[in-house]
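For the sequence shown, the UniProt record's numbering assigns the number 1 to the initial residue and increments by one for each residue that follows.
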Amino acid sequence: MTLDDLDRMILRALSVNADQSTTQLATKLGLSQPATWRRIKRLQEAGVIAGRRLQLDAAKAGFGVTVFLGVKLATKGRVSLEDFERAVGAVPEVQTVDHVLGLYDYRLRVVARDLADFERVLRRRLMTLPGVGNVEANVLLSEERRPGPL
Numbered sequence: 001m002t003l004d005d006l007d008r009m010i011l012r013a014l015s016v017n018a019d020q021s022t023t024q025l026a027t028k029l030g031l032s033q034p035a036t037w038r039r040i041k042r043l044q045e046a047g048v049i050a051g052r053r054l055q056l057d058a059a060k061a062g063f064g065v066t067v068f069l070g071v072k073l074a075t076k077g078r079v080s081l082e083d084f085e086r087a088v089g090a091v092p093e094v095q096t097v098d099h100v101l102g103l104y105d106y107r108l109r110v111v112a113r114d115l116a117d118f119e120r121v122l123r124r125r126l127m128t129l130p131g132v133g134n135v136e137a138n139v140l141l142s143e144e145r146r147p148g149p150l
């Protein structure tokens with residue numbers, strides 16, 4: 001599917017606020033509501049818009065610490081990547097699991113109530129996962145959301 005300028009404008013506007021109605025969006029873009037709705041529908045059917053998700057403020061939800069973990073598997077032959085991915089997916093404090101190329105095999109985003117809670121999660125849940133070898137932790141100090149490539 002080829003995206004034109006209007007498609008990109010719609011995607012930019014929805015990435016800022018996915019909750020706005022097609023009428024609100026149409027008004028902002030100078031389009032009619034039906035034309036805007038048809039374009040959004042076409043973008044969804046083509047898979048360009050894969051869904052909408054709820055974004056929570058972790059700190060306000062009681063999770064004041066975010067840590068990025070680099071995980072290197074100890075034995076790739078004996079423990080499959082799928083075993084690790086399945087096990088780490090069951091840890092509720094792990095928000096994202098990225099299989100990466102480089103020094104580590106995986107990059108995890110982990111939330112915890114505080115540093116003591118993170119240590120508990122690390123020792124009891126993460127370090128006991130199948131195949132975990134080296135782990136490097138980076139505590140998030142601040143986060144700034146940058147606009148995407150559109």
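By construction, the Cβ of each residue, glycine as well, lies at the ideal position given by its N, Cα and C atoms.
Burial state of residue i (16 or more Cβ within 10 Å)
i, result
"Leu25", "buried"
"Arg53", "exposed"
"residue 164", "The structure shown does not extend to residue 164, since the chain is modelled only from 1 through 150, so no value can be given for it."
"Leu75", "Checking the displayed sequence, the identity of residue 75 turns out to be Thr instead of Leu. That one is exposed."
"Arg42", "exposed"
Distance CB(residue i)-CB(residue j) smaller than 8 Å
i, j, result
"Val121", "Leu69", "no"
"Val111", "Val97", "no"
"Met1", "Leu29", "no"
"residue 156", "Asp83", "The structure shown has nothing for residue 156, since the chain only spans 1 to 150."
Three-way DSSP call (helix, strand, coil) for residue i in this model
i, result
"Thr22", "helix"
"Thr2", "coil"
"Val65", "strand"
"Val16", "helix"
"Leu56", "coil"
"Leu73", "strand"
Would you list, in sequence order, the uninterrupted beta strand (DSSP E) runs of no fewer than 3 residues that lie entirely inside the region 109-146? 132-139
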